[in-house]
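Just so you know, we're using my numbering here: the sequence shown kicks off at 1 and counts up by one.
Data first, discussion second: the structure below is written as structure tokens.
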Amino acid sequence: MCIDLVLADPYPVMLDGLTHVFHESSDFSVKSCVDNGDAALQAVQQYQPHILVMDLSLTQRSGLALLQAMQACESQTRAVVFTGASIGEVMQAIDLGVQGLVSKEKSKQILARCIKSVYEGGQWLDRDLSLKTMSLLLAQKKQHAQTSHLLTPRELMVARMVTEGWPNKKIATKLFISEGTAKLHLHHVYQKLNCPGRMSLQRLMQDHGLV
1 MCIDLVLADP YPVMLDGLTH VFHESSDFSV KSCVDNGDAA LQAVQQYQPH ILVMDLSLTQ
61 RSGLALLQAM QACESQTRAV VFTGASIGEV MQAIDLGVQG LVSKEKSKQI LARCIKSVYE
121 GGQWLDRDLS LKTMSLLLAQ KKQHAQTSHL LTPRELMVAR MVTEGWPNKK IATKLFISEG
181 TAKLHLHHVY QKLNCPGRMS LQRLMQDHGL V
């Protein structure tokens, strides 16, 4: 068994370290080492490796955008994410179907085991990252419940429309109310959620999964 790899990491020291580790093992063959997302996509297309070992914090093309591009071109290369990125980004990577996920806090032996597991068709999600992801999901669910309970059904509808970019006049027409009533609903939303304006309301609604 010799697993072909492309390595993508924005940090030169980390990239050099990974390259050294895998060059030393007869189980792996490093086809390319790159430091940005565009170069990683080109290397995947050129070498068609079994595994792409990548950080999510890539430049020029982000790690998440790289995963999406690989999906779009139906690449047979499987991605192993080796990262110290935020849990929010990790959650998005999981949503994109990444098969392997390892924290940069873990050892090179753990990373190698993950790569072999993914190569064999398995899935390897770092236990610590998975627990943090579940904790965040539970916290978001709790925030969602608290926020939605603060608003009446009509206020929640208005807040969602505002988040989608609807002006007050269009909201009023859609809900068969006056523009003044729409503004009053929005005023109550701002007060209850402690939001100074439309932009902060949009962020809060998105953060709490209410859109």
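Here a beta-carbon is modelled for each residue, glycine too, at the ideal position from N, C-alpha and C.
Source: prediction; values computed, not measured.
Close Cβ partners of residue i (< 6 Å) along its chain, the five nearest in sequence each way excluded
i      : result
SER135 : The predicted model places SER135 with a pLDDT of 49, which falls under 50 and marks its position as unreliable, so this point remains unresolved.
ASN36  : LEU58, THR59, GLN60
ALA69  : LEU41
SER29  : CYS2, ASP4
GLY180 : none
GLY17  : none
Residue range of the unbroken beta strand (DSSP E) whose run includes residue i
i      : result
THR83  : 78-83
GLY100 : 100-103
LEU15  : Careful: LEU15 lies outside any beta strand (DSSP E), inside the alpha helix (DSSP H) at 12-23.
ILE177 : No beta strand (DSSP E) holds ILE177; DSSP gives it neither H nor E.
LEU52  : 51-54
Beta-carbon contacts of residue i that lie in its chain and below 8 Å, excluding the five residues immediately before and after
i      : result
SER26  : CYS2
PRO196 : TYR190
LEU138 : Because the pLDDT of LEU138 is 48, which lies under 50, any placement of that residue in the model is unreliable, and the number read from its coordinates should be weighed accordingly. Correct list: empty, nothing qualifies.
LEU201 : ALA159, VAL162, THR163, VAL189, TYR190, LEU193, CYS195
HIS154 : The sequence shown places Arg at residue 154, not His. Excluding positions up to five away in sequence, the list reads LEU175, HIS185.
THR19  : LEU7, VAL30, CYS33
TRP166 : LYS174
Beta carbon of residue i nearer than 8 Å to that of residue j
i      : j      : result
LEU150 : LEU193 : yes
LEU41  : PHE22  : no
THR77  : VAL44  : yes
VAL81  : GLY100 : yes
SER103 : ASP126 : yes
VAL162 : ARG198 : yes
LEU64  : ALA93  : yes
Residue(s) in a DSSP beta bridge with residue i
i      : result
ILE3   : PHE28
ASN36  : THR59
ALA8   : VAL34, MET54
LEU125 : LEU101
Among the options, nearest to residue i - alpha-carbon criterion
i      : options                      : result
ASN217 : THR152, PRO153, HIS187       : Residue numbering for the chain in the displayed model covers 1 to 211; residue 217 lies beyond these limits and cannot be assessed.
VAL118 : VAL53, GLN92, ARG160, ALA93  : VAL53
ASP9   : VAL30, VAL34, ILE115         : VAL34
GLY121 : ALA72, TRP166, HIS50         : HIS50
LEU56  : GLU24, SER75, ALA72, MET91   : MET91
ASP95  : GLN71, TYR47, GLU105         : GLN71
GLN48  : LEU7, MET14, PRO12           : LEU7
TRP124 : ALA79, GLY165, CYS73         : ALA79
GLU24  : SER62, GLN109, SER75         : GLN109
GLU89  : TYR11, THR152, SER62, ILE177 : SER62
Residue range of the unbroken alpha helix (DSSP H) whose run includes residue i
i      : result
ILE110 : 108-119
LEU66  : 63-72
THR155 : Here residue 155 turns out to be Glu, not Thr, going by the sequence shown. GLU155 -> alpha helix (DSSP H) spans 153-163.
Beta-carbon contacts of residue i that lie in its chain and below 7 Å, excluding the five residues immediately before and after
i      : result
LEU111 : PHE82, VAL102
ILE171 : VAL158, MET161, ALA182
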